[in-house]
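Below: one structure, written as structure tokens.
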Amino acid sequence: MSEANSPAVHSMSTTKPRVKYQASCHCQLVRYSVTLSPPLDDFDSWVVECNCSICARNGYLNVYVQTDCIEFETIGLESDLIEKYRFGKQRVQHYFCSRCGSSLMAESIEPGFYEGVKALNVSHPLFFPFTHLSPFLISVLIPIPIPGISYHTIPHPPRTTPL
């Protein structure tokens, strides 16, 4: 996919609140936060249901965010304690905790293909424990299906860096 076909980055809404969510793997070795605007409980918010084999098998509902929206509190993705996995076309790298095996996030490693964007799974509060977002609210979010098998562009641009 060429850089021209990558999703456009939009300006963060000045009228929508920014919410910082705490996230971690199951064993708490990897802890981080992500700031989203609009927040997940906003009517303008969206999640992506990708049909690639790993997302479909694991039931991921992803939010796509710019890397700058994520702050690691413990170890980062470059640590030897983070396992990395690629498959298929080798365009996307998935990150897992080496201690508990929890999926942390995924990112493109191919230049021009969703550069600077990470996919975070929000489908299970165990892996993305929102402080004020109940499992019921996660279950009523309407996912936008995308054909991840063929790596088409996502229908909405990724969330941008907090101001």
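Residue 1 is where the sequence shown starts when you use the UniProt record's numbering, and the numbers rise one by one after that. We put the CB at the ideal spot given by N, CA and C, even for glycine.
In the three-state scheme derived from DSSP, where H, G and I count as helix and E and B as strand, T35 is classed as strand. By the Cβ criterion, the region 24 to 38 is in contact with the region 57 to 75, since at least three pairs of Cβ atoms, one from each stretch, lie closer than 8 Å.
For the 8 Å CB-CB criterion, N51 and N121 do not form a contact. The C-beta distance from K20 to D42 rounds to 14 Å, too long to meet the 8 Å contact threshold.
By the criterion of a C-beta distance shorter than 6 Å, A106 is surrounded in its chain by V92, H94 and A119, once the five residues flanking it on both sides are discounted. Of the other Cβ atoms in all chains shown, fewer than 16 fall within 10 Å of the Cβ of A56; this residue is therefore exposed. Residue environment for Y114: buried (at least 16 other C-beta atoms within 10 angstroms of its C-beta). In the same chain as Q28, and ignoring 5 residues on each side of it, no C-beta atom comes closer than 7 Å to its own.
Counting along the chain, N58 sits inside the alpha helix (DSSP H) bounded by residues S53 to N58.
For I82, the enclosing beta strand (DSSP E) starts and ends at I82 to Y85. With respect to the C-alpha of E49, the residue from Y64, Q90 and P39 having the closest C-alpha is Y64. Annotation: the continuous beta strand (DSSP E) that includes I70 extends over I70 to F72. As far as DSSP is concerned, S98 takes part in no beta bridge. Around S45, the same chain offers P38 and P39 as residues with beta carbons nearer than 7 Å, after the five sequence neighbours per side are excluded. Between I82 and S98 a beta carbon distance of about 6 Å is seen, short of the 8 Å cut, so the two are scored as contacting.
The C-beta distance from I54 to F87 rounds to 7 Å, short enough to meet the 8 Å contact threshold. The beta-carbon separation of L104 and C25, rounded to 6 Å, stays under the 8 Å limit for a contact.
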